[in-house]
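Here's the structure we're looking at; comments come further down.
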Amino acid sequence: MQAILFIFISLWALSSCGVAHKSATDAPGQSVELVAEDSLAYELLVLDPRFNSFLMTQPSAEFYSQSYYENWNHRYVLEWNNRHRNPFRYGDFYQTEIDYDPHVDYGLELNYQLYYYFLFIRHNYGIELIRRR
Numbered sequence: 710m711q712a713i714l715f716i717f718i719s720l721w722a723l724s725s726c727g728v729a730h731k732s733a734t735d736a737p738g739q740s741v742e743l744v745a746e747d748s749l750a751y752e753l754l755v756l757d758p759r760f761n762s763f764l765m766t767q768p769s770a771e772f773y774s775q776s777y778y779e780n781w782n783h784r785y786v787l788e789w790n791n792r793h794r795n796p797f798r799y800g801d802f803y804q805t806e807i808d809y810d811p812h813v814d815y816g817l818e819l820n821y822q823l824y825y826y827f828l829f830i831r832h833n834y835g836i837e838l839i840r841r842r
């Protein structure tokens, strides 16, 4: 199967003062798009410049195994997509569905970035997709 995975996640940053976190109601909607073209490379594009800074403060990709990231990503994506399908309950933050197939090997780096994107959402917008102990 030929597929290049492009995930475009648009976070339109609103100006804020200090270190206060935005609430889910103040956060801009999220747009995610997957485009299949080639099976050799997968790429995650996050358009919020704060994500790169956040990612640089996290442990290296090798801190956890690829299967660890894949398991969490599968759970996060299921919850994200559930919220996307229920905008009257969860609002318009989850503007597009994420087409993440747990049977596809996206590689360590993409799974690492996607995992920390979900943690970035929790950290910056206070949105906890899955309650963790």
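So in my numbering, spot 109 of the sequence shown is number 818, and the numbers just go up one at a time.
Think of the CB as a built atom: it goes at the ideal place given N, C-alpha and C, for glycine as much as any other residue.
Everything numeric in this text was worked out from a predicted model, so none of it was measured.
- Judged by pairs of C-beta atoms under 8 Å, the stretch 757-768 does not touch the stretch 784-801, as fewer than three such pairs exist.
- In this structure, DSSP gives E806 a state outside helix and strand, which the three-state scheme calls coil.
- Excluding the 5 residues flanking it on each side, Y799 has same chain C-beta neighbours closer than 7 Å at R792, in chain order.
- Collapsing the DSSP output to three states places Y773 in coil.
- The beta carbon of F829 is closer than 7 Å to those of F760, F763 in its chain, skipping five residues each way along the sequence.
- Here DSSP, grouped into helix, strand and coil, assigns V786 to helix.
- Per DSSP, the continuous alpha helix (DSSP H) segment holding L819 begins and ends at 817-834.
- L753: member of the beta strand (DSSP E) spanning 751-755, first to last residue.
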